[in-house]
């Protein structure tokens, strides 16, 4: 190991990063793009859901009910004249559900009889349908309570739940998505970028010239690892800054712990990229492999969007070899819950093991040979 | 310290290719004396690059030992790599880095102190005349400048052994000449140089030549020793009446003539014995043998010497004369890539049945011109007509009348030769009986029978070239475009290729061809000499050579003419600015 050679390689790499827009694009434009896409575009919350409301016989009672609906941020009620028209609205996707107050609604309510409200929900998207169902139930329960209060009588419900929502009190899905996204972004920078740039050296014949010089394989690998480590950390800091300042995701835990854990994960991701490049000497193949074995698992199997607990057992076992899984857990904990040491330490240990494994195997596999 | 710089003892090396193993080098024994220049020659797949990589310690032999300056490449690869300079094919430069940055990188990798690096770099920049271009990116250099920068990077540590893998491929004659000045200078300093090359004239300038064939050492000796057995067997034949091309054709078919090739002065003949075999009207003069003769003699015809090449030219037409109709007409053709002017106002015409050559180094604008001619690239300005059709409007109509062989042949590598032929025949809309007739014709005329079921990736370059030519001729086009068909192809395959092209032209096919081999110019009827997008000269080979004639140099070769014309052109530009 000679410092001069390593310094030469690192300087070369930084010049190339600076001059080649594709590396900058992957490290800095991609995170912004993904964060905007997931921060603004994807939301797992139900808000302003269009609901078709059918009132057979309008009266003071029904308008009070609909008034409650209109005040809710969850719904955008649209009045339809008949149930047929409302059904048509659901079919043509102008509404996600129907609330039907039948002709005898006001009469029965006034008589104090038991009455029923027709609730139809488009069950195509099961998740949304369940949310909508719950919200609609909430609406008339609120209405009933209000009515009872105005009549001077307490509505008697034998058991009520005392809700407290921890860590994400506003229930913004963004708070949950954005931290996980940082793990995906760093996988992309770490694995895809290193795999591509090493393959590029093979393709352009520069690797052959490098290898014919007295440089060691360890120096070549470090010469890739160090620049892309800094580039990756740059992308990470940018993502964290956007998360905190643009998307207003609270960072409850310590920033320094976040930095430390990110370094561990980045080493693992870089290790994966270098390992791929030791097998694939062409940019196209290296890119394909990197996307299939690192980026897609980080997206799907890390628990970033899809909950690991609800996956089939076999898949749950597989998620343990996805480095992003541990990092997603760390990030979500650090951002939303704070420095929960047992979670952070165990997951960091897993990351450290994976980083050691990938970098170790790469170093063992790489020889200064062309065959 | 041993007395040799590089020694191979019983070296064998094979590579896995699919299920088989290919023997790249077989029991090779050789050594290089210190301070000599050795040329490494051989057909494609002879094992030249493998030998270079073995010597640099980038490959480890399956058996045998290689020692470089007393160090074993297997156990002491680092020591070997500290002592040698190595330039791989395509020069191994970082194109995003400037000239200076490339030199700095390799100075760091070689462990030079900043002071030593600075003085050595100054020296090398002066030697390579790259000084003014220190801040230019390597990717923006011409082929010749890249080559010199590659050599400079390999020379930073003043190595005792310099290995150059095809340093002169695709580089213009001036750059080739300059490289030889550098190499001669190194020799005087006691550096041992091993270089592989495809140029016979370069072989002549080496102290020793290693001729490899199919992984075996065919002969290793001085150029003179290669010539010696051929004394008296070489002749220069001239004939007043018939064209050189026609003369070559008749001579080639004469018994006891081993080889005939076209030169500026006439047709060069290598006989199997020492007697001339003149026929009335022909003038036979004895000539000094060259390395090219030795190469042909030692390697023989690539295969089946009796096979008739193009016994049945694709379409019959009256022989060429000056009054033949114009097939291609180009006027003021320009092409801009952004602000960069790749082709600067070219004007030329091609007549039916001519072999029309575009000559120039890599980056001269040959391929761009070609792509515009074929309608693959829109022209920025100017007019071009192919067979009377304006290529800017009715390209589809004209394309059916042209055959096109792209650079590196553009065949499907994982399809067999037969499957490629079948695909291209379908792509050109051939059907039923016609299609079968044409496929049979291609098999027969191009001797592809042995390779029918071999995947193209596994074919030697010369066979690929043949197959590509067959594919382009399936639909019997009257005009054939060939873009660098001979680049990287070994000399024997090149020779055979030109025989086919001559036969095609005799049959009335108009052939447009680009090449950076100056010696191939003699095979053309008309030439355009290009440099940096501009036409330097055009006319027949004789006319172009005449333009470069001056008292001190009454008989310039095409290469000398090219160098002269470029230098004259550059001085004109300098005077103008």
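Protein chains in written order, with the numbering used here: chain A, 1 to 371; chain B, 1001 to 1577.
Yeah, the Cβ is synthetic: ideal placement off N, Cα and C, and Gly gets one too.
Three-way DSSP call (helix, strand, coil) for residue 1300 (chain B) in this model: Position 300 of the second chain, counted from the start, is the residue given in the question as residue 1300 (chain B). Three-state result, residue 1300 (chain B): coil.
Decide if the segment 1093 to 1106 of chain B is in contact with the segment 1132 to 1143 of chain B; the criterion is three or more beta carbon pairs, one per stretch, under 8 Å apart. By the Cβ rule, the segment 1093 to 1106 of chain B counts as touching the segment 1132 to 1143 of chain B, because three or more pairs are nearer than 8 Å.
Quick check on residue 211 (chain A) - is its C-beta less than 8 Å from some C-beta in chain B? Here residue 211 (chain A) refers to the residue found at position 211 of the first chain. For residue 211 (chain A), the answer is yes, since a Cβ of chain B falls inside 8 Å of its Cβ.
Got a sec: is the Cβ-Cβ distance from residue 1578 (chain B) to anything in chain A below 8 Å? Look at the range of chain B in this structure, 1001 to 1577, and you will see that residue 1578 (chain B) is not part of it.
Closest to residue 1403 (chain B) by C-alpha separation, out of B:1548, B:1220, B:1393 and B:1374, would be which residue? Here residue 1403 (chain B) refers to the residue found at position 403 of the second chain. Closest in C-alpha terms to residue 1403 (chain B), from the list B:1548, B:1220, B:1393 and B:1374, comes B:1374.
Please report the straight-line C-alpha distance between residue 1318 (chain B) and residue 1508 (chain B), rounded to a whole angstrom. For the purposes of this step, residue 1318 (chain B) is taken as the residue at position 318 of the second chain. For the purposes of this step, residue 1508 (chain B) is taken as the residue at position 508 of the second chain. Reliability of the predicted coordinates at residue 1318 (chain B) is poor, the pLDDT of 41 falling under 50, and the value obtained from them is presented with this limitation in mind. Straight-line Cα distance between these residues: approximately 7 Å.
Does the Cβ of residue 1567 (chain B) have 16 or more other Cβ atoms within 10 Å, making it buried, or fewer, making it exposed? Working through the second chain from its first residue, we reach residue 1567 (chain B) at position 567. Exposed.
Apart from the five residues on each side of it in sequence, which residues of its chain come closer than 7 Å, Cβ to Cβ, to residue 139 (chain A)? Along the first chain, read from residue 1 onward, the residue named residue 139 (chain A) stands at position 139. So the list reads 68, 69 and 72, once near-sequence residues are dropped.
Answer yes or no: does any C-beta atom of chain B fall closer than 8 Å to that of residue 309 (chain A)? As a position in the first chain, residue 309 (chain A) is number 309, starting the count at 1. For residue 309 (chain A), the answer is no, since every Cβ of chain B falls outside 8 Å of its Cβ.
Name the chain B residues that come within less than 7 Å of residue 215 (chain A), Cβ to Cβ? One-based indexing of the first chain puts residue 215 (chain A) at position 215. In chain order, 1109 make up the part of chain B whose C-beta sits under 7 Å from the C-beta of residue 215 (chain A).
Less than 8 Å between CB atoms is the rule here; does residue 206 (chain A) satisfy it with respect to chain B? Residue numbering aside, residue 206 (chain A) sits at position 206 when the first chain is read from its first letter. So yes, residue 206 (chain A) belongs to the interface.
My output table needs one value for residue 1485 (chain B): the three-state DSSP class, helix, strand or coil. For this step, residue 1485 (chain B) is matched to residue 485 along the second chain. Residue 1485 (chain B) falls in the coil class under three-state DSSP.
Given a threshold of 16 other Cβ atoms within 10 Å of its Cβ, counted over all protein chains shown, does residue 1527 (chain B) qualify as buried or as exposed? As a position in the second chain, residue 1527 (chain B) is number 527, starting the count at 1. Its Cβ being crowded by 16 or more others within 10 Å, residue 1527 (chain B) is buried.
Measure from the C-beta of residue 8 (chain A) to each C-beta in chain B and report whether the shortest distance is under 8 Å. Taking the first chain and counting its residues from 1, one reaches residue 8 (chain A) at position 8. Yes - at least one Cβ of chain B is within 8 Å of the one on residue 8 (chain A).
Interface residues of the segment 1080 to 1111 of chain B facing chain A [CB-CB below 8 Å]: Residues are counted here when their Cβ sits less than 8 Å from a Cβ of chain A; for the segment 1080 to 1111 of chain B these are 1081, 1082, 1084, 1086, 1087, 1088, 1089, 1090, 1091, 1092, 1093, 1094, 1095, 1096, 1097, 1101, 1104, 1105, 1106, 1107, 1108, 1109, 1110 and 1111, given in chain order.
Under 8 Å between C-beta atoms, does residue 1059 (chain B) make it to chain A? The residue given as residue 1059 (chain B) occupies position 59 in the second chain. At least one CB atom of chain A sits nearer than 8 Å to the CB of residue 1059 (chain B).
What is the C-beta distance between residue 1151 (chain B) and residue 1167 (chain B), in whole angstroms, given that I count them as a contact (C-beta under 8 Å)? Looking up residue 1151 (chain B) in the second chain gives position 151. Looking up residue 1167 (chain B) in the second chain gives position 167. About 7 Å separates the beta carbon of residue 1151 (chain B) from that of residue 1167 (chain B), a gap short enough to meet the 8 Å contact definition.
Which class does residue 94 (chain A) belong to by DSSP, given the choice of helix, strand or coil? Mapped onto the first chain, residue 94 (chain A) falls at position 94. DSSP places residue 94 (chain A) in coil when its eight states are reduced to three.
Where does residue 1010 (chain B) land, buried or exposed, given buried means 16+ other C-beta within 10 angstroms? In the second chain, counting from the first residue as 1, residue 1010 (chain B) sits at position 10. With fewer than 16 other CB atoms across the displayed protein chains lying within 10 angstroms of its CB, residue 1010 (chain B) is exposed.
How many Å lie between residue 123 (chain A) and residue 133 (chain A) at the Cα? For the purposes of this step, residue 123 (chain A) is taken as residue 123 along the first chain, with counting starting at 1. For the purposes of this step, residue 133 (chain A) is taken as residue 133 along the first chain, with counting starting at 1. About 10 Å.
From this set, B:1540, B:1504, B:1425 and B:1488, which residue's C-alpha is nearest residue 1170 (chain B)'s C-alpha? Looking up residue 1170 (chain B) in the second chain gives position 170. Taking only the C-alpha atoms, the option nearest residue 1170 (chain B) is B:1488.
Looking at the C-beta of residue 1399 (chain B), does it have a partner C-beta in chain A at a distance below 8 Å? Reading the second chain from its first residue, position 399 is the one you call residue 1399 (chain B). No - not a single Cβ of chain A is within 8 Å of the one on residue 1399 (chain B).
Local conformation of residue 79 (chain A) per DSSP, three classes: Indexing the first chain from 1 puts residue 79 (chain A) at position 79. It is a strand residue.
Nearest candidate by alpha-carbon position, reference residue 1114 (chain B), set A:13, A:129, A:39 and A:8: Within the second chain, the letter at position 114 stands for residue 1114 (chain B). Checked all of A:13, A:129, A:39 and A:8; the closest Cα to residue 1114 (chain B) is A:8.
Considering only residues of the segment 1346 to 1395 of chain B, which uninterrupted beta strand (DSSP E) runs meet the minimum length of 3 residues and lie entirely inside it, listed in chain order? Those beta strand (DSSP E) runs which fall completely within the segment 1346 to 1395 of chain B and span 3+ residues are 1355 to 1359 and 1381 to 1386.
Going by the beta-carbon positions, is the gap between residue 1081 (chain B) and residue 213 (chain A) smaller than 8 Å? The sequence position of residue 1081 (chain B) within the second chain is 81, counting from 1. The sequence position of residue 213 (chain A) within the first chain is 213, counting from 1. It is a contact, given that the beta carbons lie within the stated cut-off.
Could you tell me which residues DSSP pairs with residue 1085 (chain B) in its beta bridges? Taking the first residue of the second chain as 1, we reach residue 1085 (chain B) at position 85. Beta-bridge partners assigned by DSSP to residue 1085 (chain B): B:1162.
Taking only the alpha-carbon atoms, compute the straight-line gap between residue 1438 (chain B) and residue 1542 (chain B) and give it to the nearest angstrom. Counting from 1 along the second chain, the entry for residue 1438 (chain B) is found at position 438. Counting from 1 along the second chain, the entry for residue 1542 (chain B) is found at position 542. Approximately 37 Å, taken between the alpha carbons.
Runs of 4 residues minimum, wholly inside the segment 1107 to 1165 of chain B: which ones carry the alpha helix (DSSP H) assignment? Restricted to the segment 1107 to 1165 of chain B, the alpha helix (DSSP H) segments that are unbroken, complete and at least 4 residues in length are 1114 to 1128 and 1143 to 1155, listed in chain order.
Using a C-beta cutoff of 8 Å, does residue 370 (chain A) count as contacting chain B? Looking up residue 370 (chain A) in the first chain gives position 370. By the rule that beta-carbons nearer than 8 Å mark a contact, residue 370 (chain A) touches chain B.
Going by DSSP, what residues sit across from residue 1334 (chain B) in a beta bridge? Start at 1 with the first residue of the second chain, and residue 1334 (chain B) comes out as number 334. Note: residue 1334 (chain B) is bridge-paired with B:1381 in the DSSP secondary-structure output.
Name the chain A residues that come within less than 8 Å of residue 1140 (chain B), Cβ to Cβ? Stepping through the second chain from its first residue, residue 1140 (chain B) is reached at position 140. Contact of residue 1140 (chain B) with chain A by beta-carbon distance below 8 Å is absent, the smallest such distance being about 12 Å.
Segments assigned alpha helix (DSSP H), at least 4 residues, entirely inside the segment 164 to 244 of chain A: Complete alpha helix (DSSP H) runs here, min 4: 173 to 187, 194 to 203, 206 to 211 and 217 to 241.
Rounded to a whole number of angstroms, what is the C-alpha to C-alpha distance between residue 271 (chain A) and residue 277 (chain A)? Taking the first residue of the first chain as position 1, residue 271 (chain A) is located at position 271. Taking the first residue of the first chain as position 1, residue 277 (chain A) is located at position 277. Distance from the CA of residue 271 (chain A) to the CA of residue 277 (chain A), rounded to the nearest whole angstrom, comes to 10 Å.
Since residue 95 (chain A) and residue 78 (chain A) should fall inside the 8 Å C-beta cutoff, what is the C-beta to C-beta distance between them, to a whole number of angstroms? Counted from its first residue, the first chain places residue 95 (chain A) at position 95. Counted from its first residue, the first chain places residue 78 (chain A) at position 78. With 8 Å as the limit, residue 95 (chain A) and residue 78 (chain A) qualify as a contact, their Cβ atoms being about 6 Å apart.
Taking DSSP's pairing of strands, which residues face residue 1455 (chain B) in a bridge? Numbered from 1 along the second chain, position 455 holds the residue referred to as residue 1455 (chain B). Bridge partners of residue 1455 (chain B): B:1416.
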